[in-house]
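Those letters in the sequence shown? Residues 0 to 206, by numbering that gives the first Met the number 0. Here a beta-carbon is modelled for each residue, glycine too, at the ideal position from N, C-alpha and C. Take a look at the structure below.
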Amino acid sequence: MRGASAPAPVVKLREHIRLAVVSVISLTLLTGCIFPLVLFALGRLLYPAQAAGSLVTRNGVVIGSRLIGQDFTRPEYFHPRPSAAGTGYDGASSGGTNLGPNNAKLVESVRQLAEDYRRSNGLPPDAAVPIDAVTRSGSGLDPHISPQNAALQVPRVARTRGLQEDVVRRLLADYTQGPQLGFMGDPRVSVLDLNLALDQAARLTAR
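Below, the structure is given as structure tokens:
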């Protein structure tokens with residue numbers, strides 16, 4: 000006659016609780032503290048400027064970030080694309096219009112923005128307008144515009160500043176960035192960097 004098999008060991012409830020608590024604490028420390036701190040340290044070491052927010056300074060004063068657009072409205076500056084973030088380029092209210100392509104409000108907004116763009120840049124009433132000049136980005140904080148958008152603004156900027164258009168076009172070419180890695184995305188222009196370069200060129204011309 001076969002002997003009775005030994006009863007399976009019973010894991011006490013207290014052991015289950017202990018293992019669960021240890022797992023939670025370990026994973027919390029690993030994913031909530033150690034991993035973020037390691038990434039933060041690597042970022043500060045390898046990419047110090049980007050890790051600090053890609054801040055732009057002038058005379059030791061922070062005047063903006065290359066990652067966050069600003070609402071330039073004066074005629075001597077290149078203008079960014081429209082923004083739906085708060086009252087415009089409000090970093091605390093990032094967002095788009097959330098209007099569908101057939102929404103009457105969006106259609107009217109695009110029509111009005113196109114009209115304003117043509118008027119401010121001295122374009123004919125039927126002139127084609129770049130899409131980024133009349134539409135808002137999803138974040139409302141896009142720091143870039145298309146080279147086509149910037150090129151149509153050159154005459155206004157040059158005329159207002161008393162500069163030759165060729166000078167402004169050369170600056171535009173210098174601050175036009177190609178697609179990332181050569182194939183990701185479209186060419187773009189940093190509005191903040193270009194406007195700062197314009198200020199610098201104006202100071203040099205005035206000397």
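As DSSP reads the structure, Arg57 sits in a beta bridge with Val60.
Boundaries of the beta strand (DSSP E) around Val188: 187 to 189. Annotated three-state conformation of Thr175 is strand, per DSSP. For His78, no alpha helix (DSSP H) segment is defined, and its DSSP state is neither H nor E. A check of alpha carbon separations from Glu75 across Arg169, Val23, Tyr174, Leu162 identifies Leu162 as the nearest.
With a cut-off of 8 Å on Cβ pairs, the region 128 to 136 is in contact with the region 102 to 115, counting three or more such pairs. Pro123 is not a Cβ neighbour of Arg187, given a cutoff of 9 Å. Per DSSP, the continuous alpha helix (DSSP H) segment holding Tyr116 begins and ends at 103 to 119. Within its own chain, the residues whose Cβ lies closer than 8 Å to the Cβ of Tyr88, once the five positions on either side in sequence are excluded, are Ile67, Gly68, Gln69, Asp70, Pro79, Ser82, Gly139, Leu140, listed in chain order.
Gly63 is the residue among Phe34, Gly63, Pro35, Leu36 whose C-alpha sits nearest the C-alpha of Ala48.
The C-beta of Asn101 has fewer than 16 other C-beta atoms within 10 Å across all chains shown, which makes the residue exposed. For Phe39, the enclosing alpha helix (DSSP H) starts and ends at 34 to 45.
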